[in-house]
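Number 303 in my numbering belongs to position 299 of the sequence shown; there are no gaps in the numbering.
Glycine included, every Cβ here is placed at the ideal spot set by N, Cα and C.
The structure displayed is predicted, hence computed values, not measured ones.
What follows is a set of notes on a single structure, which appears directly below.
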Amino acid sequence: MITELTPEQETQLEIYAKKWRNIGLSTEPANRPEAEKGIRSVYELAGHKQPKEIRWVDSPYQLNNLSQYDNMVLSFGYMFEARKSMRNQMSRRLQKRIHLKFRQAIDFRHIGYIESTLHPEIDAELEKQPPGLIPLRRLDDSAVYLFHGQDDIMSLCVLDFYSQCFPATYTNSFRPYLPLIHIATHAGWWSAGEEICIITERHNILHLDDQDRLHCEDGLAIGYPDGWGVYAWHGVRVPEWVIMQPDKITPDGIMNEDNAEVARVMIERYGLDNFIRDGGFSKVQSDDYGELYRVEFMNNDEPIVAVKVKDASTDREYFLYVPPHITSAHEGVAWTFGYDNVSDYRPDKET
């Protein structure tokens, strides 16, 4: 059993992380001939007849709509047996360290955003499924499986690293995954049916924030050639109008938003100071240090608590945002200066 990496293999960790990060971030058009070569290899290795047609579409949205009409979805269960065999040949501790290394570099989580945009009801199921093969819906007794191609970089990066750095150990067990790596290098999502294999173009729009979360202030965070995509704000998927028409955001709309994360984004877009001022919220307490406001949400999200204070030199009023447990303006201001005990914060004069 493999328990440690050699110095050369440690160096390869960085190289493979960079390689697959570039694959995941690419907005170049798909290389259709090469992707189709990989598709045909998958069918061959699985022992299936070649599809009568490899049909290209422009986005996972189109793929999802077409996949349900094929009369038979092919099984690729042999891949799970191969992966199980691979895992049994390396210590769990080392596997976890390798996965953590790659996750820190390339775990963009695009799959979850796209899946939940196509089918919000399957959000809770995403974490239960094996990486790279997520059932989107069931037709009779068959599942429509989507392979994520370019977006399945996390699991494919690990498999690519194993195959190249441990060739003597993994040559046979890795063979089923070679076509998946080839397809991911050249195209987007795909679904394999008995008659038709449907495969998508890569995303041609991709915007991330400094923490690698999907984020764009004035358009799609991830988009495809047909115009379909996902709007997101610092990793939170939001309706199109929150990004494209922020002037439609109102305090009432924020208060009535069922999704707590979306409500927080709406507040950020609207401006927290404006939200408290325009929302007609009443102060719950006041003292010599300011006025305390507390906003309770309809969706039972954590309340917003803020202290309105006045700049002693300019008379400008502004809000300081404090934790929900704060019960007085004095306690809130003390907390912003790092005092846990409110009695310790009693300045003679503020400057």
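(request) Measuring alpha carbon to alpha carbon, tell me which of 224, 230, 251, 197 ends up nearest residue 239. (result) Stepping through the sequence shown from its first residue, residue 239 is reached at position 235. If we check each option's Cα against that of residue 239, 224 comes out closest.
(request) Specify, as a first and last residue, the run of the beta strand (DSSP E) that residue 204 falls within. (result) Translated into the one-based positions of the sequence shown, residue 204 becomes position 200. First-last of the beta strand (DSSP E) with residue 204: 200-204.
(request) Report yes if the C-beta distance between residue 188 and residue 216 is below 9 Å; otherwise report no. (result) Along the sequence shown, read from residue 1 onward, the residue named residue 188 stands at position 184. Along the sequence shown, read from residue 1 onward, the residue named residue 216 stands at position 212. Not a contact, by the Cβ cut-off of 9 Å.
(request) Pull up the distance between the alpha-carbon of residue 236 and that of residue 118, whole angstroms please. (result) Position 232 of the sequence shown, counting from 1, holds the residue named residue 236. Position 114 of the sequence shown, counting from 1, holds the residue named residue 118. Rounded to the nearest angstrom, the two C-alpha atoms are 11 Å apart.
(request) Give me the Cβ distance between residue 313 and residue 322, rounded to the nearest whole Å; I'm assuming they're in contact under 8 Å. (result) In the sequence shown, counting from the first residue as 1, residue 313 sits at position 309. In the sequence shown, counting from the first residue as 1, residue 322 sits at position 318. Going by Cβ atoms, the distance from residue 313 to residue 322 rounds to 7 Å, so yes, they are a contact pair.
(message) Tell me the rounded alpha-carbon separation between residue 291 and residue 210.
(response) In the sequence shown, the residue the question calls residue 291 occupies position 287. In the sequence shown, the residue the question calls residue 210 occupies position 206. Spanning the two alpha carbons is a distance of roughly 49 Å.
(request) Using the Cα positions of residue 146 and residue 331, report the straight-line distance between them to the nearest angstrom. (result) Counting from one through the sequence shown, the residue named residue 146 turns up at place 142. Counting from one through the sequence shown, the residue named residue 331 turns up at place 327. Model confidence at residue 146 stands at a pLDDT of 37, short of 50, so the residue's coordinates are unreliable; what they give is reported in the following sentence. Whole-angstrom Cα-Cα distance: 56 Å.
(message) I need the straight-line Cα distance from residue 134 to residue 222, nearest angstrom please.
(response) For the purposes of this step, residue 134 is taken as residue 130 along the sequence shown, with counting starting at 1. For the purposes of this step, residue 222 is taken as residue 218 along the sequence shown, with counting starting at 1. Confidence in residue 134 is poor, its pLDDT being 38 and thus under 50, which makes the residue's placement too unreliable to answer from.
(request) Rounded to whole angstroms, what's the CA-CA distance from residue 47 to residue 164? Just pull it up for me. (result) As a working note, residue 47 is residue 43 in the sequence shown. As a working note, residue 164 is residue 160 in the sequence shown. If you take the alpha carbons of residue 47 and residue 164, they lie about 20 Å apart.
(request) Can you have a look at residue 152 and say buried or exposed, based on whether 16 or more other CB atoms are within 10 angstroms of its CB? (result) The residue labelled residue 152 in the question sits at position 148 within the sequence shown. Classification of residue 152: buried, given that the 10 Å Cβ count is 16 or more.
(message) Less than 9 Å between the C-beta atoms of residue 200 and residue 70, yes or no?
(response) Counting from one through the sequence shown, the residue named residue 200 turns up at place 196. Counting from one through the sequence shown, the residue named residue 70 turns up at place 66. Against a cut-off of 9 Å, the Cβ pair of residue 70 and residue 200 comes out as a contact.
(request) Give the straight-line distance between the Cα atoms of residue 184 and residue 247, rounded to the nearest whole angstrom. (result) Translated into positions along the sequence shown, residue 184 becomes position 180. Translated into positions along the sequence shown, residue 247 becomes position 243. Each residue's Cα considered, the two are about 35 Å apart.
(request) Starting from residue 59, trace the beta strand (DSSP E) both ways and give me its first and last residue. (result) Numbered from 1 along the sequence shown, position 55 holds the residue referred to as residue 59. Segment 57-61, the beta strand (DSSP E) holding residue 59.
(message) Using the Cβ count rule (16 or more neighbours within 10 Å means buried), how would you classify residue 32?
(response) The sequence position of residue 32 within the sequence shown is 28, counting from 1. Counting Cβ neighbours within 10 Å, residue 32 comes out exposed, since fewer than 16 surround it.
(request) Would you mind reading off the limits of the alpha helix (DSSP H) that contains residue 42? (result) Against the sequence shown, residue 42 aligns to sequence position 38. Run containing residue 42: 36-50, per the alpha helix (DSSP H) assignment.
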